[in-house]
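Structure, as structure tokens:
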Amino acid sequence: MCIFHGCLFPTIYCIPNPPPSSGHQCNSLPLAGRAGQLASFKANTIAAAWTGIQKQEVVCKRLDDNSIVQNNYCDPDGKPPENQRACNTEPCPPEWFIGDWLECSKTCDGGMRTRTVLCIRKIGPSEEETLDYSSCLTHRPIEKESCNNQSCPPQWVALDWSECTPKCGPGFKHRIVLCKSSDLSKTFPAAHCPEESRPPVRIRCSLGRCPPPRWVTGDWGQCSAQCGLGQQMRTVQCLSYTGQASSDCPETVRPPSMQQCESKCDSTPISNTEECKDVNKVAYCPLVLKFKFCSRAYFRQMCCKTCQGH
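Dropping the structure here:
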């Protein structure tokens, strides 16, 4: 059987099993070196930008070709400790921290977007400090830039509302709506803008209750009598505030459309009785006589012949 002897410089002996009667010999085990004899330092990766630690890795190597073998070929009692030491103890250099771009200020026609840019230095696994921009030696990254420079599609532009029409009561306001370019320099046919988003061109409005209809009178006409008492006429109409004819004026306050008047008579009396005659109106003078209007100068003049003697 093969027996392993551990020592400062361990040697592997091959001792044959009892009598070689079996006809078999023991194969030689590989030569091995003292554990840690050829150990090398290997930097650990737990610290990359601030003070870190290097650990010493201990391996078991062959003495003939320095190849690494399993640890059970070396004496475990002679294995040296795995030492460690500090590394990268110098302060970390400042570096730029660059944040993500924020949303563009406009969706088209050129906007601006910004991001955070800081000069920082790491002072621990989870600590850092902010320095002046001049502390970072490399070129400072940009903090703002233009974005969405493509032209915006045509859009609806509404002009100011007109005054409410009519001036009182329920009415409407109107305005002009145009399809314009995004910079308002060009006007396009309405079909170039989306119909579903077109602003209204008319809305309801009211400026309060309208004044009621009222009686409107015209000027008095000429007196009907050339001499003495007569009558004069005028127009009386019921009109709305817009001047339209109406029937809503109260009759109790209707102004008179006729009044008595008097014309100055000539001092020369009428000598020729043939000049006294009735007006050429059918049944007019008989009614004047019937209702006893002959005493009035106007009717007496109009029906001179009929009224003679009455």
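Each residue of the sequence shown is one higher than the last, beginning at 1 in full-length UniProt numbering. Glycine included, C-beta positions come from ideal geometry on N, C-alpha and C.
message = Using C-beta distances below 7 Å, list every residue in its chain close to Gly36, excluding the 5 sequence neighbours before and after it, in chain order.
response = Residue numbering aside, residue 36 sits at position 36 when the sequence shown is read from its first letter. Residue placement at Gly36 is flagged as unreliable, the pLDDT there being 41, under the threshold of 50; a coordinate-derived value is accordingly withheld.
Three-way DSSP call (helix, strand, coil) for Ser263 in this model = Your numbering for residue 263 matches position 263 in the sequence shown. Three-state result, Ser263: strand.
inquiry  = Tell me the residue span of the alpha helix (DSSP H) that contains Pro170.
reply    = If you number the sequence shown from 1, residue 170 lands on position 170. Premise fails: Pro170 lies in the beta strand (DSSP E), Pro170 to His174, not in any alpha helix (DSSP H).
task = Specify the secondary structure class of Pro18 as computed by DSSP and reduced to three states.
result = Your numbering for residue 18 matches position 18 in the sequence shown. In this prediction, Pro18 scores a pLDDT of 35, lower than 50, which makes its location untrustworthy; no coordinate-derived value is stated.
query = What residues in its chain sit with their C-beta under 8 Å from that of Cys307, if we drop five residues either side in the sequence?
reply = The residue given as residue 307 occupies position 307 in the sequence shown. For Cys307, where only same-chain residues beyond five positions count, the Cβ hits under 8 Å are Cys285, Val288, Leu289, Cys294, Phe299 and Arg300.
query = Going along the chain, which unbroken runs of the beta strand (DSSP E) with 3 or more residues stay wholly within the segment 37 to 115?
reply = 40 to 43, 52 to 57, 84 to 87, 95 to 98 and 111 to 114
message = Run through the DSSP bridge pairs and tell me what Arg278 is partnered with.
response = Here the question's residue 278 lines up with position 278 in the sequence shown. Position check: residue 278 holds Asp in this sequence, whereas Arg was assumed. DSSP lists Cys303 as partners of Asp278.
message = Within 10 Å of its beta-carbon, does Ser162 have 16 or more other beta-carbons around it, so buried, or fewer, so exposed?
response = Within the sequence shown, numbered from 1, the residue matching residue 162 stands at position 162. Exposed, since its Cβ has fewer than 16 Cβ neighbours within 10 Å.
ask   = What three-state label does DSSP hand Ala283 in the structure shown?
value = Stepping through the sequence shown from its first residue, residue 283 is reached at position 283. DSSP places Ala283 in coil when its eight states are reduced to three.
ask   = CA-CA distance, Leu178 and Leu207?
value = Looking up residue 178 in the sequence shown gives position 178. Looking up residue 207 in the sequence shown gives position 207. Approximately 27 Å, taken between the alpha carbons.
ask   = Looking at C-beta atoms only, is the number of pairs between the segment 117 to 136 and the segment 67 to 87 that lie closer than 8 Å three or more?
value = no
inquiry  = For Gly230 and Pro256, I'd like the C-alpha separation in whole angstroms.
reply    = Position 230 of the sequence shown holds residue 230. Position 256 of the sequence shown holds residue 256. So the two alpha carbons sit approximately 15 Å from each other.
key: Nearest-angstrom Cα separation, counted from Trp156 out to Glu145   = Taking the sequence shown and counting its residues from 1, the one referred to as residue 145 is at position 145. Taking the sequence shown and counting its residues from 1, the one referred to as residue 156 is at position 156. If you take the alpha carbons of Glu145 and Trp156, they lie about 29 Å apart.
key: Burial state of His24, where buried means 16 or more other Cβ atoms lie within 10 Å   = Sequence index remark: in the sequence shown, residue 24 carries index 24 (1-based). Below a pLDDT of 50, predicted positions are generally treated as unreliable, and His24, at 32, falls in that range; no measurement from the model is reported.
ask   = Who are the Cβ neighbours of Ser105 in its own chain at under 6 Å, not counting the five residues just before and after it?
value = Here residue 105 is taken as the residue at index 105 of the sequence shown, counted from 1. Same-chain partners within the cutoff: Gly111 and Met112.
request  = Look up Val157 in the DSSP assignment and give the residues it is bridged to.
outcome  = Position 157 of the sequence shown holds residue 157. Beta-bridge pairing links Val157 to Leu178.
inquiry  = So the candidates are Ser224, Gln232 and Lys305; which of them puts its Cα closest to the Cα of Met258?
reply    = For this step, residue 258 is matched to residue 258 along the sequence shown. If we check each option's Cα against that of Met258, Gln232 comes out closest.
request  = Under 8 Å by Cβ, that's how I've got Cys152 and Ser182 pegged, so tell me the actual separation to the nearest angstrom.
outcome  = Residue mapping note: residue 152 aligns to position 152 of the sequence shown, counting from 1. Residue mapping note: residue 182 aligns to position 182 of the sequence shown, counting from 1. About 4 Å; that satisfies the 8 Å criterion.
inquiry  = Considering only the alpha carbon of each residue, which of Gln237, Trp96 and Val117 lies closest to Glu251?
reply    = Residue 251 sits at position 251 when you count from the first residue of the sequence shown. When only C-alpha atoms are compared, the closest one is Gln237.
Candidates Gly171, Glu127 and Cys60: closest to Pro76 by CA position = Locating residue 76 in the sequence shown gives position 76, where the first residue counts as 1. Nearest option by C-alpha distance: Cys60.
request  = Flag this pair as yes or no: are the beta carbons of Val253 and Trp220 separated by less than 8 Å?
outcome  = Translated into the one-based positions of the sequence shown, residue 253 becomes position 253. Translated into the one-based positions of the sequence shown, residue 220 becomes position 220. No, Cβ-Cβ distance for Val253 and Trp220 is not below 8 Å.
query = What are the boundary residues of the beta strand (DSSP E) that includes Gly230?
reply = Working through the sequence shown from its first residue, we reach residue 230 at position 230. Counting along the chain, the beta strand (DSSP E) containing Gly230 begins and ends at Gly228 to Met233.
task = Sort Glu90, Asp100 and Ile176 by Cα distance to Pro199 and report the nearest one.
result = For the purposes of this step, residue 199 is identified with residue 199 of the sequence shown, where counting begins at 1. The residue with the shortest Cα to Cα distance from Pro199 is Ile176.
query = From the DSSP output, which residues share a beta bridge with Gly124?
reply = What you label residue 124 is simply residue 124 of the sequence shown in a count that begins at 1. Gly124 is bridged to Glu127.
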